[in-house]
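Undergrad: The structure follows.
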Amino acid sequence: MSDEKKPYEVEADAGGAQQPMKAERASQGAESAKGVDSPKGRIDAPQLLEGFEEDADFTKDPEVERVIMGKPVDDKEAAKPPAEEFVKPGVGGPKVWGIVGGVLLLAAMIAAGVQAGSGGQRVLRVLLVLYNTLLHTGTGVVAVFVAAVLLGKRFGKFELAAARMFAAVAAFALLISLQFKLSGVVWLDRIVVLILATGVYGLIVASTFNLWKRNPLLYVVGAHFFLWLIVAVGMLLSQVTVAPPAESKPPAVAPSQQPAAPPPGSGG
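Under this note's numbering, the first residue of the sequence shown is numbered 26, with each subsequent residue one higher.
In C-alpha cells form, the structure reads like this:
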C-alpha cells in the first residue's frame with residue numbers, strides 16, 4: 026500500500042512576473058491574426074495644421090519675445106480700445122426731447138396757419154411745415170453720423186440723436202413760422218429772423234450734443250446745411266420742371282380802316 030502523495034509548491038523563477046504580459050501579447054497577436062484590425066487613420070480626419078494661415082510664421086512668438094526679451098509690442102498688434110461715442114447721454118433722454126420737439130412743432134404749425142390767413146393756402150402751409158421739420162430731422166441725423174465718421178468716433182444711440190435733432194429743427198421751424206415784423210422792411214425782417222432761428226438751432230445742437238468745441242459743431246452744422254441745400258435745390262428743380270410753360274399769345278392786330286365810299290352822283 027503506497028503512501029498518498031501531497032503536492033508541494035514550486036518556487037517561481039525570476040521571469041515569472043513577465044508571464045501575464047507575454048500572455049497578453051500572445052492574445053493580441055492571435056486577435057490580429059484572426060482579422061481584428063488595429064485603429065487606423067481616417068481620410069476625413071482634421072489635418073494637423075488645419076486652421077493656420079499658409080504664410081504663418083511659427084519661428085517666433087511676439088508674446089514670448091515681449092516677456093522674455095523685453096521687446097515692445099507693435100501698436101498695430103496691440104488691442105485697440107473702443108472708440109468714443111459721439112452721441113453721449115446727457116440732460117434728458119429720447120422721450121424728453123421727443124416731447125419738446127413735438128410741442129415746438131405743434132406751435133410752428135399753428136403759427137404757420139395763422140400767418141397764412143384764410144383760404145386753401147392755410148392747410149398747405151401747415152403741411153409744409155410738418156414735412157420740412159420731419160425731413161430735416163432725418164438730414165440732421167445723417168449730419169451727426171457724418172461728423173462722427175470724420176472725427177473717428179462711434180455714432181452712439183440713434184434714438185437720442187434723432188430726438189435732439191428733432192427739437193432743434195422744430196425750434197428753427199417755429200421761429201421761421203412766426204414771421205416777426207421788426208423793421209417793417211420785409212427782406213430785412215426775413216434775414217433777421219433767419220439769423221435768430223439759426224442761432225437757436227445751433228445753441229440747441231451744441232447744448233444737447235455737448236459740442237462746445239468748434240470743429241465738432243461745425244461738422245454737424247455744416248453737413249446739415251449741405252444736405253438742406255441739396256434738398257432745396259431738388260425741390261426747386263422739381264417745381265421748375267412740373268410748372269406748365271407760359272402760353273404765348275399772338276399780338277393783337279388793330280383792324281385797318283377802309284376808305285369811305287363816295288356819295289352817289291359825285292362823279293367819282
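Note that beta-carbon positions come from the ideal geometry of N, C-alpha and C, so glycine has one too. Since the structure is predicted, the reported quantities are computational estimates derived from the model, not experimental observations.
#1: So, at 7 Å on beta carbons, what are the nonlocal neighbours of Leu207 in its own chain, with the 5 sequence-adjacent residues on each side left out?
#2: At a cut-off of 8 Å, is Thr266 close to the ligand ATP when judged by its beta-carbon and the heavy atoms of the ligand?
#3: Kindly indicate which residue of Arg189, Arg147, Ala231 has the alpha-carbon position closest to the one of Pro117.
#4: According to DSSP, is Val112 helix, strand or coil?
#5: Among Val246, Val210, Gly181, Leu159, which residue has its Cα nearest to the Cα of Ala231?
#6: Can you give me the C-alpha to C-alpha distance between Thr158 and Ala108, rounded to a whole angstrom?
#7: Counting pairs of beta carbons, one from the region 176–186 and one from the region 194–207, are three or more of them closer than 8 Å?
#8: Express the C-alpha separation of Val128 and Pro10 in angstroms, rounding to a whole number.
#9: For the structure I just gave you, are there three or more beta carbon pairs, one from the region 154–174 and one from the region 253–268, closer than 8 Å?
#10: Given this structure, state the Cα-to-Cα distance separating Gly115 from Ala133, to the nearest angstrom.
#11: Taking only three categories from DSSP, how would you classify Phe180?
#12: If you draw a straight line from the alpha carbon of Val148 to that of Gly138, how long is it in whole angstroms?
#13: Report the CB separation of Pro241 from Ala172 in whole angstroms; it is logged as a contact under 8 Å.
#14: Consult DSSP for Gly117 and reduce its assignment to one of helix, strand or coil.
#15: Taking Ala222 as the reference, which of Ile124, Gln264, Gln146, Ala193 has the closest Cα?
#16: Looking at Ile201 and Leu219, is the spacing between their C-beta atoms short of 9 Å?
TA: The answer reads as follows:
#1: Here residue 207 is taken as the residue at index 182 of the sequence shown, counted from 1. Excluding residues within five positions, the ones whose Cβ falls inside 7 Å are Asp214, Val217.
#2: The ligand ATP is absent from the structure shown, which contains no ligands of any kind.
#3: Here residue 117 refers to the residue found at position 92 of the sequence shown. Checking the sequence shown, residue 117 turns out to be Gly, not Pro. Checked all of Arg189, Arg147, Ala231; the closest Cα to Gly117 is Arg189.
#4: Taking the sequence shown and counting its residues from 1, the one referred to as residue 112 is at position 87. DSSP places Val112 in strand when its eight states are reduced to three.
#5: On the sequence shown, residue 231 is found 206 positions in, with the first residue counted as 1. When Val246, Val210, Gly181, Leu159 are compared, the shortest CA-CA separation from Ala231 is found for Val246.
#6: By 1-based counting over the sequence shown, the position of residue 158 is 133. By 1-based counting over the sequence shown, the position of residue 108 is 83. Straight-line Cα distance between these residues: approximately 31 Å.
#7: no
#8: Past the edges of the chain, shown from 26 to 293, lies residue 10, and the structure says nothing about it.
#9: Contact holds: three or more Cβ-Cβ distances are below 8 Å.
#10: Here residue 115 refers to the residue found at position 90 of the sequence shown. Here residue 133 refers to the residue found at position 108 of the sequence shown. Cα-Cα distance, rounded: 26 Å.
#11: Taking the first residue of the sequence shown as position 1, residue 180 is located at position 155. DSSP places Phe180 in strand when its eight states are reduced to three.
#12: Here residue 148 refers to the residue found at position 123 of the sequence shown. Here residue 138 refers to the residue found at position 113 of the sequence shown. Roughly 7 Å separates the two Cα atoms.
#13: Position 216 of the sequence shown holds residue 241. Position 147 of the sequence shown holds residue 172. Confirmed, Cβ separation roughly 6 Å.
#14: Taking the sequence shown and counting its residues from 1, one reaches residue 117 at position 92. Three-state result, Gly117: strand.
#15: Position 197 of the sequence shown holds residue 222. Cα-wise, what sits closest to Ala222 is Ala193.
#16: Reading the sequence shown from its first residue, position 194 is the one you call residue 219. Reading the sequence shown from its first residue, position 176 is the one you call residue 201. For Leu219 and Ile201, yes; Cβs fall inside 9 Å.
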